[in-house]
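Right, one structure below, let's go through it.
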Amino acid sequence: HILFVIGLFLFSPKFKPLLIQVSAFTLAHTITIFLGVLNILSISPQIVEPIIALSIAYVAIENIFLKNISLWRPIVVFVFGLLHGLGFAGVISEIGLSQAHFITSLISFNVGVEIGQLFVILGCYFGFAYWIKEKPWYKKYFTNTLSIIIALVGVYWFIERVI
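FYI, in the numbering used here the residues of the sequence shown are 3 to 165.
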């Protein structure tokens, strides 16, 4: 999840495009966290987890080969967000939530995910993007290098989850 968000950030260090993508991702995974934990929607982790790994690789590879964010990227991010939410739902189901405070616990978990996501984005922005995003070498050397690393991790996780 964190690498996916960093991948989104690397290609979109400017506020508006990043906000659109992160909002699509957040909305999507919030929907499927609730649907998954409430057993309304269920897909085997053996299917969801490898696809999540591929989604991380996909976003990173797109960062390398695209010059501009396409109009359909928020839609792709939304679809991937649905899968990430199912992954979270699987984790929540494994650890269990208090039945006495089920809805409160579920909302708290989701808020915690969002706060963590916000800290990752702010950390990336103030840690490096604020200082270097306008440099002519930002995409070529910084975004591409980190995206290659993220893509390799995504592919590794895919292989690990399939085997």
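Ideal placement from N, C-alpha and C gives every residue a C-beta, glycine not left out.
Model, not experiment: these values are computed from the prediction.
Local Cβ density within 10 Å of residue i, reported as buried at 16 or more and exposed below that
{"i": "Q23", "result": "buried"}
{"i": "F13", "result": "buried"}
{"i": "Q119", "result": "buried"}
{"i": "I8", "result": "buried"}
{"i": "F27", "result": "buried"}
{"i": "P138", "result": "exposed"}
{"i": "G156", "result": "buried"}
{"i": "S72", "result": "exposed"}
{"i": "S57", "result": "buried"}
{"i": "G92", "result": "buried"}
{"i": "I77", "result": "exposed"}
{"i": "T147", "result": "exposed"}
Run of the alpha helix (DSSP H) containing residue i, from where it starts to where it stops
{"i": "A55", "result": "P47 to F67"}
{"i": "A153", "result": "N146 to V164"}
{"i": "H31", "result": "F17 to V39"}
{"i": "I4", "result": "I4 to F13"}
DSSP three-state assignment for residue i, whether helix, strand or coil
{"i": "I137", "result": "Note that residue 137 corresponds to Lys in the displayed sequence, not to Ile. If DSSP states are grouped into helix, strand and coil, K137 belongs with coil."}
{"i": "N112", "result": "helix"}
{"i": "L43", "result": "coil"}
- Query: What alpha helix (DSSP H) runs, 4 residues minimum, are completely inside the region 72-107?
  - Reply: 75-97
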